[in-house]
Amino acid sequence: MFNPTCSGNPYAPFIVFNDPAPPDGATLSGIVRLQARGIDMANVELLPATGYLPKYGVFGLSRDQFVGWLDFDTRTLPNGPVQVRMSAFNVAAGQPGAIEMVGMQPRTWIINNAAIPTGFEATLAAAPPAEARVSGTIRLEIRGTGITNAELLPASGYAPRHGQFNVSADKTVAWLDFDTRGLPDGPADLRISAFNVAPGQPGAIETIPMATRRWHISNGNDGSFTARVATAPMHGATVTGWVTVEVQGTGIKNVELLPAGGYTPIIANFVESFDGTFAFLDVDTSTLPAGPMDVRVSAFDTPPGQSGAREIVVMPARQWIVRH
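Sequence positions in the sequence shown follow the working numbering and run 18 to 341.
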């Protein structure tokens, strides 16, 4: 695999494989998670069957460039057939000398979405006021029309993302139960941004329903244990095949995929890095029951089974639609 002579791949170790994706002729609606796996992937895109425009989506990439993911929002396209391919490149978008590998040969998907409200707007419905002292879990909510993605972000920029909101099927309500224990104690300047497309989709319009507010975090956390979800399927996403979830932070000793309420049964255990800065999970959805599934992700500062563990709910309850 790593050697061009042995593998027969002249570009080795650069290579890409397509994770299970909707088959040719499949009917799609809503948000569908797509994944790619490979080596040295610097950019992965969902493109038309031929050519490079319009670009239907840009995949997020894991730090080791082994996994790419895209929450493809079919609601951004008109109903009817669309022909797409998935291509990976060994350099970042716009860089010269790109080598392209087609990880998913062209397929025709049939888009079939129910009518949704037109227009895009978002206003704040619930959040602590500026200068509030906050602890534990707080409810954040926005309302409007055409909301496809909403994120809790730093005062400026887009990283790190402190939380991703659940969005109702009709795109009129988005909510986040934000676990403030994921941040160290002290002042935190945060904003809420809403977008009309899912993460990685082109043509995003941003509106800011909550301009920057300073909250004073007060959980007794000195910063030795923090955690946030870096990637996970969105609320309402259809998942199939292997799905990757990644958590980042400090002092992480154990991360679990759990039922939305309670701690048993443990659906899956993450693999944690030796330095406690990240954890990842490759979950085989074929081992899960088909249909709607309500799950959360929790991080802990002690190994499994040890007492006195502190918990951070890095991904509050989301519903995934498991398809076999």
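Where is the CB? At the ideal position from N, CA and C, for every residue including glycine.
So Gly161 is in the beta strand (DSSP E); what residue range does that whole segment cover?
Residue mapping note: residue 161 aligns to position 144 of the sequence shown, counting from 1. Looking at the DSSP string, the run of the beta strand (DSSP E) that includes Gly161 is Thr154 to Thr162.
For Leu305, which residues from the same chain have a beta carbon less than 6 Å from its beta carbon, with the 5 sequence-adjacent residues on both sides left out?
As a first step, residue 305 must be located in the sequence shown, where it is residue number 288. Non-local C-beta neighbours of Leu305 in its own chain, meaning closer than 6 Å and more than five positions away in sequence, comprise Val339, ordered along the chain.
Checking 9 Å against the spacing of the C-beta atoms, do Ser241 and Asp292 come in under that value?
In the sequence shown, residue 241 corresponds to position 224, counting from 1. In the sequence shown, residue 292 corresponds to position 275, counting from 1. Ser241 places its beta carbon 9 Å or farther from that of Asp292.
Hey, out of Asp239, Asn238, Asp90 and Arg208, whose CA is closest to Met227's CA?
Residue 227 sits at position 210 when you count from the first residue of the sequence shown. Its Cα nearest to that of Met227, the residue Arg208 stands out among Asp239, Asn238, Asp90 and Arg208.
Own chain, CB closer than 6 Å to Ala307, minus 5 neighbours either side, in chain order
On the sequence shown, position 290 is the one that residue 307 refers to. If you ignore the 5 residues before and after Ala307, its C-beta comes within less than 6 Å of the C-beta of Val339 and His341, all in its own chain and listed in chain order.
Inter-stretch contact at 8 Å, needing at least 3 Cβ pairs: the region 158-166 / the region 185-203:
Touching, yes.
Please report the Cβ distance between Leu63 and Val101, rounded to the nearest whole angstrom; I am assuming they are in contact, meaning their Cβ atoms lie under 8 Å.
Translated into positions along the sequence shown, residue 63 becomes position 46. Translated into positions along the sequence shown, residue 101 becomes position 84. That belief holds up - the Cβ atoms of Leu63 and Val101 are roughly 6 Å apart, short of 8 Å.
Can you look up Thr229 in the DSSP assignment and give me helix, strand or coil?
Against the sequence shown, residue 229 aligns to sequence position 212. In the structure shown, Thr229 sits in a strand (DSSP, three-state: E or B).
Segment limits, beta strand (DSSP E) that includes Pro250
As a first step, residue 250 must be located in the sequence shown, where it is residue number 233. Note, Pro250: premise wrong, no beta strand (DSSP E); not H, not E.
Beta-ladder partner(s) of Asn26, from DSSP
Position 9 of the sequence shown, counted from the first residue, corresponds to residue 26. Answer by DSSP bridge pairing: none, since Asn26 is not bridged.
Out of Ile116, Arg156, Thr91 and Arg150, point me to the one whose CA is closest to Ile128's CA.
Reading the sequence shown from its first residue, position 111 is the one you call residue 128. Closest by alpha carbon: Thr91.
Mind reading off the beta-carbon distance from Gly217 to Val75? Whole number of angstroms is fine, and I expect it under 8 Å.
Here the question's residue 217 lines up with position 200 in the sequence shown. Here the question's residue 75 lines up with position 58 in the sequence shown. Yes, Gly217 and Val75 are in contact; Cβ-Cβ is about 5 Å, under 8 Å.
Taking C-beta to C-beta, are Ala53 and Trp126 nearer than 9 Å?
The residue labelled residue 53 in the question sits at position 36 within the sequence shown. The residue labelled residue 126 in the question sits at position 109 within the sequence shown. No, the pair does not count as a contact, with Cβ atoms beyond the cut-off.
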